[in-house]
Amino acid sequence: MRPTLLVIAHGSRDPRHARTVRALVRRVRAQRPGLRVETGFLDFNAPAVPEVLERLAAEGVREVVALPLLLTHAFHAKADIPAVLHEAAVRLPGLRVRQAPVLGPSPLLITALERRLYEAGVRPGERGSTGVVLASAGSSDPEAIAVIAEIAREWRRTGWCAVRPAFASASLPRTQDAVRELRAEGVRKIAVAPYVLAPGFLPDRIARGAREAGADVLADVLGPAPEVARLLLARYDECRIALPLRPALTA
1 MRPTLLVIAH
11 GSRDPRHART
21 VRALVRRVRA
31 QRPGLRVETG
41 FLDFNAPAVP
51 EVLERLAAEG
61 VREVVALPLL
71 LTHAFHAKAD
81 IPAVLHEAAV
91 RLPGLRVRQA
101 PVLGPSPLLI
111 TALERRLYEA
121 GVRPGERGST
131 GVVLASAGSS
141 DPEAIAVIAE
151 IAREWRRTGW
161 CAVRPAFASA
171 SLPRTQDAVR
181 ELRAEGVRKI
191 AVAPYVLAPG
201 FLPDRIARGA
211 REAGADVLAD
221 VLGPAPEVAR
231 LLLARYDECR
241 IALPLRPALT
251 A
């Protein structure tokens, strides 16, 4: 029996968040028929992660791969999720749970970002004259911020006029400041690419910053892009075949 895949999302008061997460999970199921895929939330939405794990254990499931629906390895991946999984492991000794790596960075995410930019109106032939603001939610974790900056540097090498990181919270620059900086440098067309998975408070702040500064293009969130679904399955496979089985707290 293959381990059950448990996708762990943060959750939000914004109903668009849960709808987007569930749409992504439906796409994952469609790409891997026969794989059991469940969804749990850390906060705001149901079902909560402990409830899902308890139900799986009661149904006789013995192995779970818990996959954080996160783009960077920051506080939630380092602290919140391991703590929840560790508590479940203590309560449910017959259920083995392994925490998979976060989604980013990955070339599949870059492909998904470009998909959203093209859907929003950027043409492939405009790469050389278009500056991109890679707008993430932000983090107080220096490691996560460094990863976003490195993604921007690597993405710039694929032919875009410029790629600048920006953050909706905790770090600088903000989206509007990055847009204005590119405009001051003479970039003809500026596109904002939200490096976020689902709508909510911080993605809305990214969108407001893009409009406030006069960005020419605002892409949609990554959401249920097919590349994101493929990446979830890739992380699941990486974790499933890794030996020996590691406790969730140290994964």
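FYI, my numbering numbers position 179 of the sequence shown as 179, with every residue one higher than the one before it. The C-beta atom is built at its ideal place from N, Cα and C for all residues, glycine as well. All values reported here derive from a predicted model rather than from experimental measurement.
Presumed contact (8 Å Cβ cut-off) between residue i and residue j, rounded CB distance
i	j	result
L95	A229	Contact flag wrong, Cβ pair sits at about 25 Å.
L53	V64	7 Å
R164	V133	5 Å
Length of the line joining the Cα atoms of residue i and residue j
i	j	result
I148	P15	27 Å
R183	E227	31 Å
L249	I81	With a pLDDT of 44 at L249, under the threshold of 50, the predicted position of this residue should be treated as unreliable, and no value is reported.
A83	A77	10 Å
I151	P105	7 Å
T4	L69	15 Å
H73	A144	6 Å
V97	R235	15 Å
F75	V102	12 Å
G11	E181	33 Å
V90	A137	33 Å
V196	T175	13 Å
L6	A198	18 Å
G40	R22	10 Å
P107	W160	16 Å
P203	A168	7 Å
L253	I241	Nothing in the structure corresponds to residue 253, since the chain is present only between 1 and 251.
L109	P142	21 Å
H17	R157	32 Å
Y58	S139	Note on identity: in this sequence residue 58 is Ala, with Tyr being the wrong assignment. Cα to Cα, A58 sits roughly 37 Å from S139.
G60	A30	24 Å
E38	S129	43 Å
A66	R205	29 Å
G34	D237	14 Å
A251	Q99	Residue placement at A251 is flagged as unreliable, the pLDDT there being 40, under the threshold of 50; a coordinate-derived value is accordingly withheld.
F201	I8	19 Å
A88	A79	14 Å
A112	A225	6 Å
E51	R62	15 Å
R2	C239	12 Å
E185	R115	26 Å
L42	L85	11 Å
Beta-carbon spacing of residue i, residue j below 7 Å
i	j	result
L232	V28	yes
V122	A191	yes
A170	A193	no
A166	A135	yes
V187	G131	yes
F44	R19	no
D179	A120	At residue 179 the sequence reads Val, which differs from the Asp that was named. No, they are not a contact pair.
Sheet register partners of residue i (DSSP bridge)
i	result
S136	F167 and Y195
E63	R96
K189	T130
T4	V64
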